[in-house]
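Below is one structure, written out as structure tokens, with a few remarks after it.
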Amino acid sequence: MARSLFCRAVGVFQLSRTSPLLTGTRFYSQTEPEPLTVRQQNNGIRRIILNNPKKRNALSLSMLESLKEDILTDVDGDDLRVVIISAKGPVFSSGHDLKELTSAQGREYHTKVFHTCAEVMTLIQDIPVPVIAMVNGVATAAGCQLVASCDIAVATEKSTFATPGVNVGLFCSTPAVAIGRAVPRKVAMEMLFTGTPISAHDALLHGLISKVVPEERLEEETLAIAQRVCQASQPVVALGKATFQRQMAQGRDAAYATASKVMVDNLALRDGQEGIRAFIEKRKPVWSNKAEKAHD
Numbered sequence: 002m003a004r005s006l007f008c009r010a011v012g013v014f015q016l017s018r019t020s021p022l023l024t025g026t027r028f029y030s031q032t033e034p035e036p037l038t039v040r041q042q043n044n045g046i047r048r049i050i051l052n053n054p055k056k057r058n059a060l061s062l063s064m065l066e067s068l069k070e071d072i073l074t075d076v077d078g079d080d081l082r083v084v085i086i087s088a089k090g091p092v093f094s095s096g097h098d099l100k101e102l103t104s105a106q107g108r109e110y111h112t113k114v115f116h117t118c119a120e121v122m123t124l125i126q127d128i129p130v131p132v133i134a135m136v137n138g139v140a141t142a143a144g145c146q147l148v149a150s151c152d153i154a155v156a157t158e159k160s161t162f163a164t165p166g167v168n169v170g171l172f173c174s175t176p177a178v179a180i181g182r183a184v185p186r187k188v189a190m191e192m193l194f195t196g197t198p199i200s201a202h203d204a205l206l207h208g209l210i211s212k213v214v215p216e217e218r219l220e221e222e223t224l225a226i227a228q229r230v231c232q233a234s235q236p237v238v239a240l241g242k243a244t245f246q247r248q249m250a251q252g253r254d255a256a257y258a259t260a261s262k263v264m265v266d267n268l269a270l271r272d273g274q275e276g277i278r279a280f281i282e283k284r285k286p287v288w289s290n291k292a293e294k295a296h297d
């Protein structure tokens, strides 16, 4: 019963410049260098905050490695139900740090940057809990890729999205993987060929984001979605997310075969049967939040 109520009360997370912050296993204070990302977790909701506003939250190799660590830490734990990725400052993320992409770093380093970036983006889609982007500002290039890779994205009215790499001689080929799977092809191609930003409302229209809200309601609306996720059965959500990603890569007939089998597997879960019984009995379900079978 306790686990079914795990996430009903969600506190408001605030970044404090005077209080120590926990990120990974280290504490940081005013007298120490600020971490590139900040990880906070409460009531099943993990907040990962991009924390390098002076560099427009550029996805440097160090930033990507920090983000990867924050995503993977205890990702299979019972305490984690949903992840929210946000950013400090007026820029969600400006994409890769171009200073890392000069000839001075060399091909091997460049390969590591893009490999790590791809790893982070695929992790977001492969981990068993939903990942929500909470965007308040500009998201460009790999920053836009990050938004497109998340399962859900909530953005403020002032937010904009762009893939301007073509204008600096570096076509946004890796961002195109995520963006091309999130928006219609011709919209993606216009973004990629011109680098012209699109508004939050256009991003919503084309499916890049899920919801547009006034700035003052961003946190409230995002946490409301996270709370709803927390109210569902953890193994059912994990099964559903994995199946969605799998069938999207398949043809129609194979996708139906995959999804049909998973529906049967879902019914065999203890929580699958609990939900159906609760509906029939007109009561709220009491989730076990365990991937236990009710029958073979």
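For the sequence shown, the numbering used here assigns the number 297 to the last residue and increments by one with no breaks.
By construction, the Cβ of each residue, glycine as well, lies at the ideal position given by its N, Cα and C atoms.
Within the DSSP bridge table, the entry for Ala154 names Ala134 as partners. The continuous stretches of alpha helix (DSSP H) do not include Leu37, and DSSP gives it neither H nor E. Secondary structure at Ile46: strand, using DSSP grouped into helix, strand and coil.
About 12 Å separates the beta carbons of Ser94 and Met122, which is beyond the 8 Å limit, so they are not a contact pair.
For Ala88, the enclosing beta strand (DSSP E) begins and ends at Val83 to Ala88. About 6 Å separates the Cβ atoms of Pro131 and Lys242, confirming a contact at the 8 Å cut-off. Burial of Ala227 is indicated by the presence of at least 16 other C-beta atoms within 10 angstroms of its C-beta. Close CB contacts of Thr223 within its chain, under the 7 Å cut and outside five residues either way in sequence, are with Ile85, Ile133, Met135 and Val155 (chain order). Counting along the chain, the unbroken alpha helix (DSSP H) around Phe280 starts and ends at Arg271 to Ile281. By the neighbour-count definition (other C-beta atoms within 10 Å, threshold 16), Gln246 is an exposed residue. Taking a C-beta distance under 8 Å as the contact criterion, Lys159 and Glu220 do not qualify as a contact pair. Sorting Ser67, Asp127 and Met64 by C-alpha distance to the C-alpha of Val83 places Asp127 at the top.
Three or more beta-carbon pairs drawn from the region 164–177 and the region 195–207 are found closer than 8 Å, and the two stretches are therefore classed as touching. With a cutoff of 8 Å on beta-carbon distance, Ile46 and Thr38 are scored as not near each other.
Ranked by how close their Cα comes to the Cα of Val169, the residues Ala142, Ala179, Leu147 and Lys187 have Ala142 in first place. In this structure, Ala105 keeps its C-beta atom at 8 Å or more from the C-beta atom of Asn58. For Ser174, no pairing in a beta bridge is given by DSSP. Partner residues in a beta bridge of Ser67, as assigned by DSSP, do not exist. Here the region 271–286 makes no contact with the region 250–258; the two share fewer than three CB pairs at distances below 8 Å. Collapsing the DSSP output to three states places Val92 in a strand.
Out of Cys145, Lys100 and Thr244, the CA that lies nearest to the CA of Ala256 is found in Thr244. Around Pro176, the same chain offers Ala142, Ala143, Cys145, Gln146 and Thr164 as residues with beta carbons nearer than 7 Å, after the five sequence neighbours per side are excluded. Around the C-beta of Ser261, fewer than 16 other C-beta atoms lie within 10 Å, and the residue is accordingly described as exposed.
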